[in-house]
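One structure is given below, encoded as structure tokens.
Protein chains: 4
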Amino acid sequence: MVGAMLKVGLLLGACARSWKSVRMASCGVARRHPLANKVALVTASTDGIGFAIARRLAQDGAHVVVSSRKQQNVDQAVATLQGEGLSVTGTMCHVGKAEDRERLVATAVKLHGGVDILISNAAVNPFFGNLIDVTEEVWDKILDINVKATALLTKAVVPEMAKRGGGSIVIVSSVAAYSPFPNLGAYNVSKTALLGLTKNLAIELAQWNVRVNCLAPGLIKTSFSRVLWENQEREENIKAGMLIKRLGKPEDCAGIVSFLCSEDANYITGETVVVAGGVLSHL
Amino acid sequence: MVGAMLKVGLLLGACARSWKSVRMASCGVARRHPLANKVALVTASTDGIGFAIARRLAQDGAHVVVSSRKQQNVDQAVATLQGEGLSVTGTMCHVGKAEDRERLVATAVKLHGGVDILISNAAVNPFFGNLIDVTEEVWDKILDINVKATALLTKAVVPEMAKRGGGSIVIVSSVAAYSPFPNLGAYNVSKTALLGLTKNLAIELAQWNVRVNCLAPGLIKTSFSRVLWENQEREENIKAGMLIKRLGKPEDCAGIVSFLCSEDANYITGETVVVAGGVLSHL
Amino acid sequence: MVGAMLKVGLLLGACARSWKSVRMASCGVARRHPLANKVALVTASTDGIGFAIARRLAQDGAHVVVSSRKQQNVDQAVATLQGEGLSVTGTMCHVGKAEDRERLVATAVKLHGGVDILISNAAVNPFFGNLIDVTEEVWDKILDINVKATALLTKAVVPEMAKRGGGSIVIVSSVAAYSPFPNLGAYNVSKTALLGLTKNLAIELAQWNVRVNCLAPGLIKTSFSRVLWENQEREENIKAGMLIKRLGKPEDCAGIVSFLCSEDANYITGETVVVAGGVLSHL
Amino acid sequence: MVGAMLKVGLLLGACARSWKSVRMASCGVARRHPLANKVALVTASTDGIGFAIARRLAQDGAHVVVSSRKQQNVDQAVATLQGEGLSVTGTMCHVGKAEDRERLVATAVKLHGGVDILISNAAVNPFFGNLIDVTEEVWDKILDINVKATALLTKAVVPEMAKRGGGSIVIVSSVAAYSPFPNLGAYNVSKTALLGLTKNLAIELAQWNVRVNCLAPGLIKTSFSRVLWENQEREENIKAGMLIKRLGKPEDCAGIVSFLCSEDANYITGETVVVAGGVLSHL
Numbered sequence: 001m002v003g004a005m006l007k008v009g010l011l012l013g014a015c016a017r018s019w020k021s022v023r024m025a026s027c028g029v030a031r032r033h034p035l036a037n038k039v040a041l042v043t044a045s046t047d048g049i050g051f052a053i054a055r056r057l058a059q060d061g062a063h064v065v066v067s068s069r070k071q072q073n074v075d076q077a078v079a080t081l082q083g084e085g086l087s088v089t090g091t092m093c094h095v096g097k098a099e100d101r102e103r104l105v106a107t108a109v110k111l112h113g114g115v116d117i118l119i120s121n122a123a124v125n126p127f128f129g130n131l132i133d134v135t136e137e138v139w140d141k142i143l144d145i146n147v148k149a150t151a152l153l154t155k156a157v158v159p160e161m162a163k164r165g166g167g168s169i170v171i172v173s174s175v176a177a178y179s180p181f182p183n184l185g186a187y188n189v190s191k192t193a194l195l196g197l198t199k200n201l202a203i204e205l206a207q208w209n210v211r212v213n214c215l216a217p218g219l220i221k222t223s224f225s226r227v228l229w230e231n232q233e234r235e236e237n238i239k240a241g242m243l244i245k246r247l248g249k250p251e252d253c254a255g256i257v258s259f260l261c262s263e264d265a266n267y268i269t270g271e272t273v274v275v276a277g278g279v280l281s282h283l
Numbered sequence: 001m002v003g004a005m006l007k008v009g010l011l012l013g014a015c016a017r018s019w020k021s022v023r024m025a026s027c028g029v030a031r032r033h034p035l036a037n038k039v040a041l042v043t044a045s046t047d048g049i050g051f052a053i054a055r056r057l058a059q060d061g062a063h064v065v066v067s068s069r070k071q072q073n074v075d076q077a078v079a080t081l082q083g084e085g086l087s088v089t090g091t092m093c094h095v096g097k098a099e100d101r102e103r104l105v106a107t108a109v110k111l112h113g114g115v116d117i118l119i120s121n122a123a124v125n126p127f128f129g130n131l132i133d134v135t136e137e138v139w140d141k142i143l144d145i146n147v148k149a150t151a152l153l154t155k156a157v158v159p160e161m162a163k164r165g166g167g168s169i170v171i172v173s174s175v176a177a178y179s180p181f182p183n184l185g186a187y188n189v190s191k192t193a194l195l196g197l198t199k200n201l202a203i204e205l206a207q208w209n210v211r212v213n214c215l216a217p218g219l220i221k222t223s224f225s226r227v228l229w230e231n232q233e234r235e236e237n238i239k240a241g242m243l244i245k246r247l248g249k250p251e252d253c254a255g256i257v258s259f260l261c262s263e264d265a266n267y268i269t270g271e272t273v274v275v276a277g278g279v280l281s282h283l
Numbered sequence: 001m002v003g004a005m006l007k008v009g010l011l012l013g014a015c016a017r018s019w020k021s022v023r024m025a026s027c028g029v030a031r032r033h034p035l036a037n038k039v040a041l042v043t044a045s046t047d048g049i050g051f052a053i054a055r056r057l058a059q060d061g062a063h064v065v066v067s068s069r070k071q072q073n074v075d076q077a078v079a080t081l082q083g084e085g086l087s088v089t090g091t092m093c094h095v096g097k098a099e100d101r102e103r104l105v106a107t108a109v110k111l112h113g114g115v116d117i118l119i120s121n122a123a124v125n126p127f128f129g130n131l132i133d134v135t136e137e138v139w140d141k142i143l144d145i146n147v148k149a150t151a152l153l154t155k156a157v158v159p160e161m162a163k164r165g166g167g168s169i170v171i172v173s174s175v176a177a178y179s180p181f182p183n184l185g186a187y188n189v190s191k192t193a194l195l196g197l198t199k200n201l202a203i204e205l206a207q208w209n210v211r212v213n214c215l216a217p218g219l220i221k222t223s224f225s226r227v228l229w230e231n232q233e234r235e236e237n238i239k240a241g242m243l244i245k246r247l248g249k250p251e252d253c254a255g256i257v258s259f260l261c262s263e264d265a266n267y268i269t270g271e272t273v274v275v276a277g278g279v280l281s282h283l
Numbered sequence: 001m002v003g004a005m006l007k008v009g010l011l012l013g014a015c016a017r018s019w020k021s022v023r024m025a026s027c028g029v030a031r032r033h034p035l036a037n038k039v040a041l042v043t044a045s046t047d048g049i050g051f052a053i054a055r056r057l058a059q060d061g062a063h064v065v066v067s068s069r070k071q072q073n074v075d076q077a078v079a080t081l082q083g084e085g086l087s088v089t090g091t092m093c094h095v096g097k098a099e100d101r102e103r104l105v106a107t108a109v110k111l112h113g114g115v116d117i118l119i120s121n122a123a124v125n126p127f128f129g130n131l132i133d134v135t136e137e138v139w140d141k142i143l144d145i146n147v148k149a150t151a152l153l154t155k156a157v158v159p160e161m162a163k164r165g166g167g168s169i170v171i172v173s174s175v176a177a178y179s180p181f182p183n184l185g186a187y188n189v190s191k192t193a194l195l196g197l198t199k200n201l202a203i204e205l206a207q208w209n210v211r212v213n214c215l216a217p218g219l220i221k222t223s224f225s226r227v228l229w230e231n232q233e234r235e236e237n238i239k240a241g242m243l244i245k246r247l248g249k250p251e252d253c254a255g256i257v258s259f260l261c262s263e264d265a266n267y268i269t270g271e272t273v274v275v276a277g278g279v280l281s282h283l
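Chains as they are written, first to last, in UniProt numbering: chain A, 1 to 283; chain B, 1 to 283; chain C, 1 to 283; chain D, 1 to 283.
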């Protein structure tokens, strides 16, 4: 971390010397490292979209705490990102468990003195199946992890954000919230619920200067979404509704999340941004 | 019931004699009793919106099975509606319990030979509170009753609809799905989830010729919504966003539900109709 | 007209005699002829969706004034509907011309003493073409007829509605407002504009007790929409997005319009109802 | 321009030397000057939101051509931005005139060899008034400038983007597209139309690798929106619907536009991002 800061210092020095005529904002740390000194928690971030977001937040200057249910995955992600010179630590966290949520927040507070950013990424496998066949067990798992855990983790984090005078939360939903993925009923419903959760949290948390926004990725090629693209026909069906004729990459989702957490997004709250290659979503 | 049918027969006779030049559709039972011979289940229907819907479906010709958690309330509602000459029976049903859901469906099958219509009305009290303060217990109660029970009741009903060659489901959400009611976080989120449930069930059930639509009432003056209107200031805040400057009445919600279940709505599925006096909802 | 009223009287008599135990509302003219004595203007109503709406409003008790750009078509539609015993007259009206709009309103006032209902149906042919190729001439024609004429006709009608203490307007948009039809760029945009026009008019006209709602039909099989379904491939593409696997019929759109104009819809304003067989539209 | 490029080169050099361990993406020109070497047209850009966007695109590395209806305003904006060391030129352009639109595109091609980015900002004064009072003259002016001119300017620009293998368009709508501003009927409708224009252009232009997105600002404090905030009561009404209790600043809108034009947004097309301090818009 010290190393990274040092390098920023060098860059800033170079910057100041070479481009004096440009407004500081376009040159300084704000633009190049828009999240400098921010502390960010990212759940389900050892792989796929969550991992890409964690990396990007760190590249943009944040101290990032990654997490997922398996310590081994956490260790590997941390090693990879630290190997890239990024300020990243990690802790095991099952977001469905109160003690894990508390430990995640406590870890960030202990290491970095507080929390500024929370990225709540869904952690549960999108069980393949229709609503008409859904069991209570599967329903509960999906809704609890995708929706309730997001609400409860927010509840755990907000006091820390309030102490720092504000913060930014991004909830990862899906374009399936608008335009259901085939055969993923409970998953789709949980993603629609997150649109409402975003609006409600934005309203409630405005008083503490906490902004809450939402990302709705399309079909992103990850191990997580394999059920959607490993079947050639299903992939073709979904691609038929896309304007940009490729599956998304995790990195396609990372820039907008970093943006939404930055000062540039200070007047944006309660909104959902769809990153889905042009799949129909909403007007 | 026999009496009601008899009366319909008399009316039809009078109709046929007096207005021969008009197309049958505008005169016959379809227009005047658009739900004639249909069997309808309505949950949470012994009071408020559910009761108004049950009465209207019966007035429009359906055999209606009302239900709610308390036998006493069921008895009273049945007595009232039978006293109006309507074909209404009832059974106690806690929609959160599998055996109750099954008994509800079985009652309709036993009495009327099947089910054509399901109106899934929320049964849980809208606990007053913010998401930031929500307990797991309250969250679970609201989401389980409002969303999961709707999914599971649908699952129980659809085989009966399929046997009859189709059916119609209306899910009662709320304008709060779009435009959150203050201090009712978990309730609001559950109502947004129902928008997604509607879309997903419409997709899944089309193969059995079952249409699924959604009603999103605004602030309707019922005992259920008392938390919203008993506080003068809160009521004024909500009214400020209305174009029609009064609280809704349960009857304001009944006509559209009957319409959505009728032949006239045969090409409508997956849609939500807002009945909220002009509160902002969606484009 | 006298004849129709007489018949209603006979029916009412029969009704009163045979079904005394049922609440009047379910028996009386309100339910069976929900638009009794209402005066309705319907534009572009000598064919297709407009014609089906005009017929239905008349069947539901309204005095209807049909109109379109060609006197011959008006004469034929009036003859057909009068032949069905309905209270229908007509007048030639090019909604893009101020004098025609005024004459349309004046006709209704002269014949029936006022106006209660306006159905603004688009009259312009949906020129087949992309926005990237659109000429100013085509753009102007489509936007002027579909959007501006609706606004100006409303302006001409509202004073008459205000005199009667209120009224109801239904604007015919299209599901293409949400989910664009291929190769119909300017048409699609004009239909999205109508969603906004509906919201804005609902807000402005609430003070005169005029409700404004919108119908968004899907692909309805009419001569008007021939460009969409005469090409087999295009029709298949659109059907692929439908849950109900058939093109709509004009009658599929008529019931909801009559409903929206009835007392049953008294608490509904500013809303759009999609009748599109389950094509994706909005949450 | 050469100067700016030189400075970029120096920065890159410094960067390469000092921060080798970090992935190039986080260090290189892409992240710090995400629009380096891009050529951007911005209409209505000598003041307010358009000016803030033009400045930001230039700060982020683009060569920007500003424009508005008055040469004097163009000269002043260019002088200001060049004085900040930015690569900005300008030309007078009334977007409602074909020759002006063509000259605008030709200017960019002549100066910079092509066009990569178009920001279509509305240029017409938001005439204060209701739809019920609107004249054809005012309606035409607002719809023609805000909507038709955007379509026609796009038509003029796309061939140039196609030559370069792709491009990015951002259309400036308004939160009033969803949640109408009081007493600005025609303006509001034109902004809703732009949501549809965005969707349609995104579909049509995908084949040339041109992405089309939309910005929906809330109440931004500019001379343009003075009618909305100079009246204390109207300002308070609008603020009451905001979660972030201040009017927006033009700069609040600039970052997201630059983002949408950058590589980071490569998988985003057809979407509208609301920047309105939490005013209700859409789910």
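Don't be surprised by glycine CBs; every beta carbon is placed ideally from N, CA and C.
Considering only C-alpha positions, which residue in the set the options is nearest to residue i?
i, options, result
"Val189/B", "Val134/B, Gly114/B, Val279/B, Arg103/B", "Val134/B"
"Gly85/C", "Ala106/C, Asp60/C, Val74/C", "Asp60/C"
"Pro182/B", "Leu131/B, Val210/B, Leu243/B, Arg164/B", "Leu131/B"
"Arg164/C", "Ala186/C, Leu143/C, Val115/C", "Val115/C"
"Ile244/B", "Gln207/C, Leu152/C, Asp144/C", "Gln207/C"
"Cys93/D", "Ile117/D, Ala122/D, Ser87/D, Asp140/D", "Ala122/D"
"Gly50/B", "Ile238/B, Glu236/B, Asn37/B, Asn73/B", "Asn73/B"
"Ser120/A", "Arg32/A, Gly166/A, Leu194/A, Asp75/A", "Leu194/A"
"Ala149/B", "Ala177/B, Leu283/B, Leu104/B", "Leu104/B"
Starting from the C-beta of residue i, find all residues in its chain whose C-beta is less than 6 Å away, skip the five residues before and the five after it, and write them out in chain order.
i, result
"Gly48/C", "Thr222, Phe224, Pro250"
"Gln71/B", "Met92"
Quickly, what does DSSP pair residue i with across the bridge? List them, please.
i, result
"Asn213/B", "Val170/B"
"Ser68/A", "Met92/A"
"Ser120/A", "Ile171/A"
"Ala40/B", "Val64/B, Ile117/B"
"Leu184/B", "Gly129/B"
"Ile220/B", "Gly248/B"
"Thr272/C", "Cys214/C"
Give every residue of the same chain whose Cβ lies closer than 8 Å to the Cβ of residue i, excluding the five residues on either side of it in the sequence, and list them in chain order.
i, result
"Pro213/C", "The sequence given here has Asn at residue 213/C, not Pro. So the qualifying residues of the chain are Ser168, Ile169, Val170, Ile171, Thr198, Ala202, Leu260, Ala265, Ile268, Thr269, Gly270, Glu271, Thr272, Val273."
"Gly248/D", "Pro217, Gly218, Leu219, Ile220, Lys221, Val275, Ala276, Gly277"
For residue i, which residues of its own chain have a beta-carbon under 7 Å away from its beta-carbon, when the five flanking residues on both sides are left out?
i, result
"Ser174/A", "Lys191, Ala216, Pro217"
"Ser262/C", "Pro34, Leu35"
Cβ-based contacts, 7 Å cut-off: residues of the segment 227-255 of chain D near chain A:
Leu243, Ile244, Gly248, Asp252, Gly255
Which residues of the segment 169-185 of chain D have a Cβ closer than 7 Å to any Cβ of chain C? Give them in chain order.
Ala177, Pro180, Gly185
What are the residues in the segment 129-156 of chain C lying within 9 Å of chain D by C-beta distance?
Asn130, Leu131, Ile132, Asp133, Val134, Glu136, Trp139, Asp140, Leu143, Asp144, Val147, Lys148, Ala151, Leu152, Thr154, Lys155
Interface positions of the segment 204-220 of chain C facing chain D (Cβ-Cβ less than 8 Å), listed along the chain:
Glu204, Leu205
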